[in-house]
Each structure stands twice: as structure tokens, then as C-alpha cells.
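*Asks:* Dropping a structure here in C-alpha cells format, bear with me for questions.
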DNA sequence: AAGGTTCCTAAGGATTCCGTAAGTACCCTC
DNA sequence: GAGGGTACTTACGGAATCCTTAGGAACCTT
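Protein chains in written order, with my numbering: chain W, 1 to 237; chain B, 1001 to 1237.
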């Protein structure tokens, strides 16, 4: 239920990989197809695809045609991606049954937000239940965070960071994974940037400056969200 | 379901009486109007009308014109009645915002079943109870807004914007979601346009220019409707 | 054709966010 | 414990975002 399946259709393996990491790190299961033919097969076979991410420019059967054929056999929401922004192509895409249209280049946030909107629109409501632990509440749908009943304002970067960490509660998340999830695959080296954002986040949600309570550091690897659990008190042996 | 109210608009008192008895015996409450002007007044005045039964052939303002004016101030379903069965008039009526078209003479059963169908069709998607909070009232069916018991005129754009925000009370709505909802998927980049409309809306419904009370801005994301609640206190660095 | 709305675009100024850099503190290995 | 690498903290200025206003185009009514 929470792990929705997305069919990613693009002929460029570079693009596929970038999108796949983005999507998987956002909690989706990703199935890939290189051509329109493959995509149609995939839908017929797999069946339980929740959304199709379809690049228009593809060899063989074009994206428009693929869209039309998919629509013939399924009501799955289709989000079309294209570099062109001509009116004609847009109209064609919608006529072929596309549900939304996204022009390259686009930001990760925009992509995810569109996917969410589309899924919500089509299938009732896809809502992630709010997270709550002692003293910290994170409402993903409302983009709201409270620390001890005190509302706290987070910037978009901080919130996305927290969202990712909380959704992977308990598991250490690598630096580059976070960087990729926040700013895209081309920024996986900029660790210092991440550190600053982590710092700002901590300053807002950690109550005790001496002892972190939620966002723990995984040395030489990344960060991990885990509430309450204190580090063992330092003790000289 | 309970006692739905129907506004019956016809200049012929004979016809009115006949229809009134039919409708009341079918369980509806009937309000009458002799002319288009009266009909518009009736809608504007109180009494949430659930459906309008409108004869096209009337002295003074014609039925088409009445239809157009009603549609401007209300989303109430309109069922048009006419002796003519020309294609042209039909098209005119639908263009003016009519929801269905019935040619005289017609049987009682047909009238009632059309009314039922129309109410079902409309109430499934669009019959939304009015929103009300301290100082702000939004009547979706009648397209009316009052701020502190003071009626406020909103333009179509402004009203649609407010409608979308209010229906998602508490949840932040992304820029592109609003843009898409207001102007279609091909305008999802024109954020400045949205800002201006937001500004105009705020100017009309926000009382305190220093502190917004309803339409809050979610930086780098979109807007959120939430009454009274103050901005979360920001921690000073 | 004149008057009135509504809406789009542009331009300014204000605000918020974030990337960079520089100094400090911490951790692990040797 | 010393040293090198890693992590934290803070601050500042550029960049992006947001707000406000106004002028004129496009549309509709009188």
C-alpha cells in the first residue's frame, strides 16, 4: 500500500538511473522499460503498476503512441515528460490520455510533488500518516513539525532532509543518498552543504545541545534518525 | 435528500401552478419567480436553492440571459425548459451554463427523473457544504464570500483560488497544483501570475495587512489556508 | 463606442533561503 | 597523546523567492 509501484519509461539509461534513484529514495518501487513496446508489455504483465512516468522522445513507438496504447488497456495515471514545450505536443499528449505533462528540465521536488498530486487525484488519497514520538511530531501532509507541542518552522531543505531521515527511521542513510535525494544526482560530493543543513535542522528540533536525541551521526557514512535512544553515557573503563 | 429547494422560473402562472403541485407532491420545496430578474434576485437573496427550473421563453430578460447571470453568481444546477427544439437554442443554453435541456411537452416522470439525475450528478461532485470560521464564510454553491458579515465580491480567479485552498484546509498546496487547477497544466510555471491573484485575494479577505489570518504562504512551496492560527514562532538564532 | 471588470505583465523593493568559507571541536588511528 | 581526517558551528552575502503596485490588453456590459 505505501510502496507504490512506478513504471519508468525512457530510452536513456542515464536518465533512467537518475530517476530510479530519486524515486526509490522517495519510497517508490520502480519498474523500468526502455521502449513503448516494453512499457505496454510491462503493464499487461505486471498489472499492478500505480503510475507511469513516460518520456515522449523514444525510438520506435513514440511516447504519444505508447501513451495511447497504455490507456487502451489501463486507467493507470500517466505522467508525461518531454523536452519540447510546444502547444501541439502537449495537446497530443493529453489527447492520447496523459494525465499530466512535465517539461524538462525539472526539479526533483517538482517531480515528486506532481506524482503525489496525481496519485492523490486519481486514487482517492495517498497520505502518509504523521510520525510521532516523544516530543517530536512530523506531519508530512501538512508539512508541519512540532517539538514538544511547540510548532517549529523548517525551510524546505530542512524539511525534506527530516522527511527522508524519518521515513528511514533506524537505518543509517549515506551522505550521498541524502545529497541525491535533496539536490539531485549531480551534487553527491557536496558533503559540507549537507552538514550545514543538518546543523540547522538539529538546532531547530534538538532540545539538548549537548546530546542529540533524534538525528544521530554515523561517522564516515551519514546520518540516522532514531528518537529517544540516548547514546550510552560516556564512562571511563 | 431532505427537503430540497427548487426555484421555478416561468412567466405563465398556469404552468407555474401545475409544476408547483407536481414538485411539491414529489417532496420538493418550491420557490417561484416570474421573470429572469426575479430569479436572479431570488438566488442572490437568501435561501440556498438546490436547483433552478428555468423556462426559456420569457418577457424582459430572456431565459438565456437569466441563465448566464445566475451562473455568474452561483453554481446551482440549472434545468432549462423550452418549447423550441432547435439545435441552436440548445447550444445557446448550454453555453450560457445550463446543465440540462428539456423540451415541452414533457411527462411528469421525465421531469422528475431529469431533476433527480441532475441533482445526483451535481451533488456527487459539487454539492459542498458552505465553509465557515470566525469571520469568514464561503458558500461554494452560491459563490459568495463574507468577511465579518460583510459580503465581499471575488472575481472568478480569486474565487477558484480560494475554493481550492479552503477545500484543502490546513494542507499546503503547491504552486503548480494551484496553477494547474486554475489555468490548466500548461501554465504550471507562471508563478508570478499566481502571486498577483493571491495578493488580490488577500487584499479582499484579510483584515490585518500586517498579519495574514487565512492565506498563509509556504515559502518555496505554495500556499496554505488556515484560519486564525498565527505563524509558528521562529526561534531566534 | 464608451465605460467597467478582470486579468496579465513588468518592475521595484523586501524578505527568506542557502552556499561558501573559516574557525573550532571531535573522533579514530597510530 | 599526537596528528590527520572528519564533523560541527557560525556568519555573511549572493541568489532566489515573495510582495506590492501600476499600466495596459482583452473582455463584457450599457
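For each residue, glycine too, the CB sits at the ideal point set by N, CA and C.
These numbers come from a predicted model, not from an experiment.
Going by C-alpha distance, which of W:209, W:208, W:207, W:224 is nearest residue 215 of chain W?
*Replies:* Nearest option by C-alpha distance: W:224.
*Asks:* Can you look up residue 222 of chain W in the DSSP assignment and give me helix, strand or coil?
*Replies:* Three-state result, residue 222 of chain W: strand.
*Asks:* How would you write the range of the beta strand (DSSP E) that residue 1033 of chain B sits in, first residue to last?
*Replies:* Where residue 1033 of chain B is concerned, the enclosing beta strand (DSSP E) stretches over 1029 to 1033.
*Asks:* Do we get a CB-CB distance below 9 angstroms when we pair residue 100 of chain W with the residues of chain B?
*Replies:* Taking Cβ atoms only, chain B reaches closer than 9 angstroms to residue 100 of chain W, which makes this a yes.
*Asks:* For residue 225 of chain W, decide whether its Cβ has a neighbour in chain B, counting only Cβ atoms nearer than 9 angstroms.
*Replies:* No, residue 225 of chain W lies away from the interface with chain B (no Cβ there is under 9 angstroms from its Cβ).
*Asks:* So if I threshold CB-CB distances at 8 angstroms, which residues from the stretch 1151 to 1176 of chain B count as touching chain W?
*Replies:* So the list reads 1170, 1171, 1172, 1174, 1176, given in the order they occur along the chain.
*Asks:* Write down every uninterrupted run of the beta strand (DSSP E) in the stretch 152 to 198 of chain W whose length is 3 residues or greater and which is fully enclosed by it, in chain order.
*Replies:* Entirely contained in the stretch 152 to 198 of chain W, the beta strand (DSSP E) runs reaching 3 residues are, in chain order, 172 to 174.
*Asks:* From the DSSP output, read off the bridge partner residues of residue 139 of chain W.
*Replies:* DSSP output for residue 139 of chain W lists W:144 as bridge partner(s).
*Asks:* With distances taken from CA atoms, which of B:1075, B:1220, B:1191 is nearest residue 1043 of chain B?
*Replies:* Closest option to residue 1043 of chain B, Cα to Cα, is B:1075.
*Asks:* What residue does the beta strand (DSSP E) around residue 1007 of chain B start on, and which one ends it?
*Replies:* Per DSSP, residue 1007 of chain B belongs to the beta strand (DSSP E) from 1005 to 1009.
*Asks:* What residues of chain W sit near residue 1218 of chain B, judged by a beta carbon separation below 7 angstroms?
*Replies:* Here the neighbours are 143.
*Asks:* If contacts are defined as beta-carbon pairs under 8 angstroms, then residue 1006 of chain B and residue 1051 of chain B qualify, I think. What distance do you get, rounded to the angstrom?
*Replies:* Their Cβ separation, rounded to whole angstroms, is 5 angstroms, which keeps residue 1006 of chain B and residue 1051 of chain B in contact under 8 angstroms.
*Asks:* Pull the bridge partners of residue 1150 of chain B from the DSSP assignment, please.
*Replies:* Answer by DSSP bridge pairing, in chain order: B:1147.
*Asks:* Can you tell me where the alpha helix (DSSP H) holding residue 1065 of chain B begins and where it ends?
*Replies:* Where residue 1065 of chain B is concerned, the enclosing alpha helix (DSSP H) stretches over 1063 to 1073.
*Asks:* Given residue 1125 of chain B, which residues of its chain have a CB within under 6 angstroms of its CB, disregarding the five upstream and five downstream residues?
*Replies:* Residue confidence for residue 1125 of chain B is low, a pLDDT of 48 falling below 50, so the modelled location carries little weight and cannot support an answer.
*Asks:* How many Å lie between residue 1200 of chain B and residue 1186 of chain B at the Cα?
*Replies:* Taking the straight line from one Cα to the other gives about 23 angstroms.
*Asks:* For residue 22 of chain W, which option in W:102, W:184, W:57, W:94 has the closest C-alpha, if you only look at C-alpha atoms?
*Replies:* Residue W:184 is the option with its Cα nearest to residue 22 of chain W.
*Asks:* Output the boundary residues of the alpha helix (DSSP H) element that contains residue 1038 of chain B.
*Replies:* It spans 1036 to 1044 - the alpha helix (DSSP H) in which residue 1038 of chain B sits, taken as one unbroken run.
*Asks:* Return the CA-CA distance between residue 24 of chain W and residue 1145 of chain B, expressed in angstroms with no decimal places.
*Replies:* Residue 24 of chain W and residue 1145 of chain B: Cα-Cα distance of roughly 44 angstroms.
*Asks:* What's the gap between the Cα of residue 941 of chain B and the Cα of residue 1072 of chain B?
*Replies:* Any answer about residue 941 of chain B is impossible in this case: the structure gives chain B only from 1001 up to 1237.
*Asks:* With 16 as the cutoff for other CB atoms within 10 Å, does residue 1197 of chain B come out buried or exposed?
*Replies:* Burial call: buried.
*Asks:* Between which two residues does the beta strand (DSSP E) holding residue 80 of chain W run?
*Replies:* Segment 78 to 82, the beta strand (DSSP E) holding residue 80 of chain W.
*Asks:* By Cβ distance below 6 angstroms, which residues in the same chain neighbour residue 222 of chain W in space, the five residues on each side in sequence not counted?
*Replies:* Only 172, 173, 174, 175 meet the Cβ criterion.
*Asks:* What residues are listed by DSSP as bridge partners for residue 1116 of chain B?
*Replies:* Paired residues: none, contrary to the question.
*Asks:* Based on Cα-Cα distance, which residue from B:1117, B:1130, B:1098 lies nearest to residue 1070 of chain B?
*Replies:* Here the closest residue by C-alpha is B:1098.
*Asks:* Would you check whether the ligand GDP has a heavy atom nearer than 8 angstroms to the C-beta of residue 1055 of chain B?
*Replies:* The ligand GDP is not among the ligands present in this structure, which contains no ligands whatsoever.
*Asks:* Since residue 1226 of chain B contacts residue 1170 of chain B with CB under 8 angstroms, what's their CB separation in whole angstroms?
*Replies:* So it is a contact: roughly 5 angstroms between Cβ atoms.
*Asks:* Using a cut-off of 8 angstroms between C-beta atoms, extract the partners of residue 1185 of chain B located in chain W.
*Replies:* Within 8 angstroms Cβ-Cβ: 90, 94, 100, 101.
*Asks:* Quick check: is the beta carbon of residue 1189 of chain B nearer than 9 angstroms to any beta carbon in chain W?
*Replies:* Answer yes: the Cβ-Cβ gap between residue 1189 of chain B and chain W drops below 9 angstroms somewhere.
*Asks:* Taking 9 angstroms as the CB-CB cut-off, is residue 113 of chain W touching chain B?
*Replies:* Interface residue, yes.
*Asks:* Is the distance from the Cβ of residue 58 of chain W to the Cβ of residue 11 of chain W below 9 angstroms?
*Replies:* Yes; because the gap between Cβ atoms is below 9 angstroms, this pair is in contact.
*Asks:* Mind listing the chain B neighbours of residue 41 of chain W? Cutoff is C-beta to C-beta under 9 angstroms, in chain order.
*Replies:* Within chain B, no residue comes near residue 41 of chain W; the closest Cβ sits about 28 angstroms away, beyond 9 angstroms.
*Asks:* Taking the alpha carbon of residue 1063 of chain B as the reference point, which residue from B:1049, B:1048, B:1045, B:1089 has its own alpha carbon closest?
*Replies:* For residue 1063 of chain B, the nearest C-alpha among the options comes from B:1089.
*Asks:* From residue 79 of chain W to residue 94 of chain W, what does the alpha carbon distance come to, in whole angstroms?
*Replies:* Taking the straight line joining both Cα atoms gives about 10 angstroms.
*Asks:* Please confirm if residue 1211 of chain B has its CB atom under 9 angstroms from at least one CB of chain W.
*Replies:* No, its Cβ sits nowhere closer than 9 angstroms to a Cβ of chain W.
*Asks:* Which residues mark the beginning and the end of the alpha helix (DSSP H) in which residue 15 of chain W is found?
*Replies:* Per DSSP, residue 15 of chain W belongs to the alpha helix (DSSP H) from 13 to 25.
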